[in-house]
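Everything below concerns the one structure shown next.
There are 2 protein chains.
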Amino acid sequence: MPHRTDHEQRRREIAAAVWRLAADRGLEAVSMREVAADAGVSLRLVQYYFETKTNLLVLALRYLHERGEQRTQARLAAQPDQSVRGVVRTLLTELLPLDPERELSLRVHRAYFSRTHSDPRLAYAFVHDETPIEDLITDLLHRATLPAGAHPRHEANLLVAGITRLGLDVLGGRFTAGEVLATLDYHLDRLFQA
Amino acid sequence: MPHRTDHEQRRREIAAAVWRLAADRGLEAVSMREVAADAGVSLRLVQYYFETKTNLLVLALRYLHERGEQRTQARLAAQPDQSVRGVVRTLLTELLPLDPERELSLRVHRAYFSRTHSDPRLAYAFVHDETPIEDLITDLLHRATLPAGAHPRHEANLLVAGITRLGLDVLGGRFTAGEVLATLDYHLDRLFQA
DNA sequence: CCTGCTGTGATACGGCCGTATCCAATACGC
DNA sequence: GCGTATTGGATACGGCCGTATCACAGCAGG
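Sequences listed follow chains U and A, in order.
Using the numbering used here, you'd call the opening residue of the first sequence number -1 and step up by one each time.
Using the numbering used here, you'd call the opening residue of the second sequence number -1 and step up by one each time.
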């Protein structure tokens, strides 16, 4: 056992255990003991690196946000279609469980969601760690040629809120990913009709 | 038959305590003891009328759904504007916290939401107790004259999902009720333009 | 009148929780 | 090479949880 371990790395490994537990069985299954067991370390270690449970939950969420933003940036940079429509579509499909990683993110967010409104520290982390995507989409829509009378802010608000909810509906089996993508593309067609 | 007391009535009173606790402090604050204290009865009584905690949570949710459907029916019957647009608007504004009763409903739903995906019995109650409103809206849109190329199913899906999410955003203070109503009316204008 | 079922109280039990404490092993600065 | 800060294990503590048990009041039907 090395003397000098990489705290940051350790914390990320333990946070990943939080993600797995929260995604599979909800936040109420995330206890210090369960996290330790899932991460393959002792209870004491989890205490050692995070001090308190609230801290653990907040940091695990922050790490998840970081990873999400990196993923979004990477996907934006990598895609061939750099049109406004293409960028908007990429931003919105980040909110859907289209691969295991995005599905994990969504499940963890769902697990955190309720607690977010009864625990102030979690609420802060939940709200402040992410840039409001509505503003981004609104700006992008302003930059494009839309049909007469189209209102970027109202369009962005419903798109973001709707796709966010439809992503959760996919998790819950109320819709398939294909159905949601069809709905999304229908609305993009409507907005960006040539 | 019951000896003295009205079981149904008792259960509803206790369920109301569940609502209050869940709305204020989340589902994790709903313990048998807290519910008993909030309802002003003994722990034993809660056990007596509901047997188990899962039962308590499921029935409390069912009562809430019942009340919501009655409220929707009443509002639909009472409103002067019986046009398709008017009915669609009423159905959708039922999803927003526009008065204390709808706000309570929304807060309770938010509290239940996460647990819904880790507890099978709650999941069943959550999904099966409510008629899928998307189908209703889709039918209504089919019945109306929409702009060329408008697709009722896709329009209904985004409207319902979006307004559902925006209602929660109002609870969280990310939007005001006025902003959300403006977004809703913008989209209704778009669909029902004369 | 008594037997028995319904309704209610007080309290006990075992379990998991978050946190705290005590202690052992390591490896670097000196 | 030795002390000491860092890293980690084992275990204890007090609290709340869901559920179970024991006791008992009052009305019902024989």
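Cβ coordinates follow ideal geometry from the N, Cα and C atoms, glycine included.
Note that the structure is a prediction, hence the values are computed from the model and not measured.
With DSSP run on the structure shown, which of helix, strand or coil describes V28 of chain A? Of the three classes helix, strand and coil, the one that applies to V28 of chain A here is coil, per DSSP.
Determine the contact status of L217 of chain A and L90 of chain A, defining contact as a CB-CB distance below 8 Å. Past the edges of chain A, shown from -1 to 192, lies residue 217 of chain A, and the structure says nothing about it.
Between T181 of chain A and chain U, is any beta-carbon pair separated by less than 8 Å? So yes, T181 of chain A belongs to the interface.
Can you name the start and end residues of the alpha helix (DSSP H) that V56 of chain A belongs to? Per DSSP, V56 of chain A belongs to the alpha helix (DSSP H) from K51 to A76.
Report all residues from its chain with a CB closer than 6 Å to the CB of F124 of chain U; omit the five preceding and five following residues, and keep chain order. Counting only Cβ-Cβ distances below 6 Å, and skipping sequence neighbours, we find T114.
Just reading off the alpha helix (DSSP H) that G165 of chain U is part of, what are its end residues? Its alpha helix (DSSP H) spans residues P150 to L169.
Would L189 of chain A pass as a contact of A159 of chain A if the rule is Cβ separation under 8 Å? No, Cβ-Cβ distance for L189 of chain A and A159 of chain A is not below 8 Å.
Burial state of G66 of chain A (16 or more Cβ within 10 Å): It is buried - the Cβ of G66 of chain A has at least 16 other Cβ atoms within 10 Å.
Answer with yes or no whether the minimum CB distance from G160 of chain A to chain U is below 8 Å. Any Cβ of chain U closer than 8 Å to the Cβ of G160 of chain A would place that residue at the interface, and such an atom is present.
Compile a chain-ordered list of the residues in the region 109 to 129 of chain A whose CB is closer than 7 Å to at least one CB of chain U. Listed in chain order, the positions of the region 109 to 129 of chain A with a beta carbon within less than 7 Å of a beta carbon of chain U are A109, F111, S112, R113, H115 and S116.
Taking C-beta pairs closer than 8 Å, name the residues in chain U that R31 of chain A reaches, listed in chain order. Chain-order list of chain U residues neighbouring R31 of chain A: empty, with the shortest C-beta distance near 17 Å, by a criterion of under 8 Å.
Taking 8 Å as the threshold (beta carbon to beta carbon), is L199 of chain U in contact with chain A? Residue 199 of chain U is absent from the structure shown; chain U starts at -1 and stops at 192.
How many Å lie between T50 of chain A and V39 of chain A at the Cα? Straight-line spacing of the CA atoms in T50 of chain A and V39 of chain A works out to 16 Å.
Beta-carbon proximity of E128 of chain A to A154 of chain A, cut-off 8 Å: No, the Cβ-Cβ distance between E128 of chain A and A154 of chain A is not below 8 Å.
Within 9 Å of chain A by C-beta, residues of the region 35 to 50 of chain U in sequence order: Those residues of the region 35 to 50 of chain U that come within reach of chain A (Cβ to Cβ, closer than 9 Å) do not exist; the list is empty.
Is there at least one Cβ from chain U nearer than 8 Å to L164 of chain A's Cβ? Output row for L164 of chain A: interface = yes.
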